[in-house]
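J.: The following block contains the structure, expressed as structure tokens.
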Amino acid sequence: MSNERIYKMTVSSVYPMYIQKVERKGRTKAEVDTVTCWLTGYDKRGLQAQIDKETDFETFFADAPQLNPNAHKITGVVCGVRVENIEDPLMQKIRWLDKLVDELAKGKAMEKVLRS
Numbered sequence: 021m022s023n024e025r026i027y028k029m030t031v032s033s034v035y036p037m038y039i040q041k042v043e044r045k046g047r048t049k050a051e052v053d054t055v056t057c058w059l060t061g062y063d064k065r066g067l068q069a070q071i072d073k074e075t076d077f078e079t080f081f082a083d084a085p086q087l088n089p090n091a092h093k094i095t096g097v098v099c100g101v102r103v104e105n106i107e108d109p110l111m112q113k114i115r116w117l118d119k120l121v122d123e124l125a126k127g128k129a130m131e132k133v134l135r136s
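21 is the number of the first residue of the sequence shown in the numbering used here; add one for each residue after it.
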């Protein structure tokens with residue numbers, strides 16, 4: 021899938037899949053919201069507004085209030101690619117979010133997921 025196609029995917033189309041993924045492993049929608057807000061700086065109301073507007077990932081991250089200063093601590097592999105080695109800044113942000121959701125689904129403690 022081309023990067024441009026991923027950038028134009030709506031957050032509202034992917035978000036339910038994030039929730040399904042973590043709920044199958046005993047985690048919650050609230051935890052998905054927590055990691056998403058931690059990464060982007062949105063509050064829960066702002067996050068829901070972006071979902072309701074069917075914002076694409078490019079706009080979602082461009083409009084994000086403030087990327088978490090510890091986001092660079094997110095490391096590991098998503099879709100066979102090391103997130104810390106992704107050169108495209110937008111793709112790296114998208115994969116960081118994917119990685120946080122993956123870690124939730126794998127049962128990692130919230131403190132570790134949030135790099136506290």
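Ideal Cβ positions, reconstructed from N, Cα and C, are used throughout, including at glycine.
Since the model is a prediction, treat every value here as computed from it, not as a measurement.
Would Leu-112 be called buried (16 or more neighbouring beta carbons within 10 Å of its own) or exposed?
T.: The count along the sequence shown starts at 1 and reaches residue 112 at position 92. Before going further, note that residue 112 is Gln rather than Leu in the sequence given. Its Cβ being crowded by 16 or more others within 10 Å, Gln-112 is buried.
J.: How far does the alpha helix (DSSP H) with Asn-23 in it extend, from its first residue to its last?
T.: To locate residue 23, count along the sequence shown from 1; it is residue 3. Start and end: 23-27.
J.: DSSP puts Thr-30 in a beta bridge; with which residues?
T.: Mapped onto the sequence shown, residue 30 falls at position 10. The partner list for Thr-30 (beta bridge, DSSP) reads Asp-76.
J.: Under a Cβ-count criterion, where at least 16 other Cβ atoms within 10 Å of its own Cβ denotes burial, should Ala-125 be classed as buried or exposed?
T.: If you number the sequence shown from 1, residue 125 lands on position 105. Answer is buried; the Cβ neighbour count reaches 16.
J.: Under a Cβ-count criterion, where at least 16 other Cβ atoms within 10 Å of its own Cβ denotes burial, should Ala-82 be classed as buried or exposed?
T.: In the sequence shown, residue 82 corresponds to position 62, counting from 1. In this structure Ala-82 is exposed. Its beta-carbon is surrounded by fewer than 16 other beta-carbon atoms within 10 angstroms.
J.: Taking 8 Å as the cut-off, does the region 91-100 touch the region 115-133 (at least 3 CB pairs, one atom from each stretch)?
T.: yes
J.: Look at the Cβ atom of Tyr-62, then the Cβ atom of Pro-89, and state whether they are nearer than 8 Å.
T.: Indexing the sequence shown from 1 puts residue 62 at position 42. Indexing the sequence shown from 1 puts residue 89 at position 69. Not a contact, by the Cβ cut-off of 8 Å.
J.: Any C-beta of chain B sitting closer than 8 Å to the C-beta of Thr-60?
T.: Among the chains of the structure shown, chain B does not appear; only one protein chain is present.
J.: Give me the DSSP bridge partner(s) of Val-97.
T.: On the sequence shown, residue 97 is found 77 positions in, with the first residue counted as 1. For Val-97, which the question treats as bridged, DSSP gives the partners Arg-102.
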